[in-house]
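Heads up: the structure comes next, in structure tokens.
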Amino acid sequence: MIFVALLHAVNLGATRKVPMADLRALLTGLGLEGVRTYIQSGNAVFEAEPGPALRGRLEDALEARFGFPVPVTLRTATEWHAAAQGCPAHLRDEPVVLAFLRDPPDPARVEALRGRDVTPERWEVAGGTLYQTVPDGVRNLRLSAAVIERHLGVKVTVRNARTVQAIAAMLDT
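Residue numbers (UniProt numbering): 1 to 173.
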């Protein structure tokens, strides 16, 4: 089965460096096939046997190799394509980022987050993805990844729509 692995919070500053060549070598060394990466933000595509232990195996190997914990969000190719095409219509008139939720959120927590005023941003959770408009750019988000994590109680990692579409294209080649 083909998977997309999203590494959380790597290569953002002077610390938490995960060179993509090293990531490809690590994943290949774990027996994953067809390993490819996209840009330096920790995106990998590979083939593997599905199973509940895959994410833990990746996280353990990343921490052992790089010396710090690296949460990983996994999506199958089918799930990735659904996310890439799944932006709710009422959000498509502005630039959008996708916050990939590592685990399913509690619906009550999603509803509680709706009570938070993040105007002018708008957002919607569909499946395992929170789609969010970025009218003032990603650096000025009121609904940041940290706020999403705190309110929903799940880890998230954010990718812009261009990255999501580029990875979708990788899955088709």
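Backbone N, C-alpha and C fix where the C-beta goes; we use that ideal spot for every residue, glycine too. All of these numbers come straight from a predicted model, not from anything done at the bench.
Cβ-Cβ separation, residue j to residue i (assumed contact under 8 Å), whole Å
i	j	result
Ala-112	Ala-145	Actually they do not touch by this definition, with Cβ atoms about 17 Å apart.
Val-97	Val-138	6 Å
Val-70	Glu-63	6 Å
Glu-121	Leu-143	5 Å
Identified DSSP bridge partners for residue i
i	result
Ala-123	The amino acid occupying residue 123 in the given sequence is Trp; Ala does not appear at that position. DSSP lists Gln-132 as partners of Trp-123.
Thr-157	Phe-100
Residue environment, residue i, which counts as buried when at least 16 other CB atoms sit within 10 Å
i	result
Arg-114	exposed
Asn-140	exposed
Pro-107	exposed
Phe-68	exposed
Ile-167	buried
Thr-37	buried
Leu-12	exposed
Thr-133	buried
His-8	buried
Arg-92	exposed
Arg-159	buried
Gly-51	exposed
Thr-157	buried
Secondary structure of residue i, DSSP reduced to three states
i	result
Leu-6	strand
Asn-43	strand
Arg-36	strand
Ala-14	coil
Leu-23	helix
Gly-137	coil
Gly-29	helix
Leu-143	coil
Thr-173	coil
Which runs of the alpha helix (DSSP H), 4 residues or longer, sit entirely within the stretch 48-116? The stretch 48-116 contains these whole alpha helix (DSSP H) runs: 54-66, 77-85 and 107-114.
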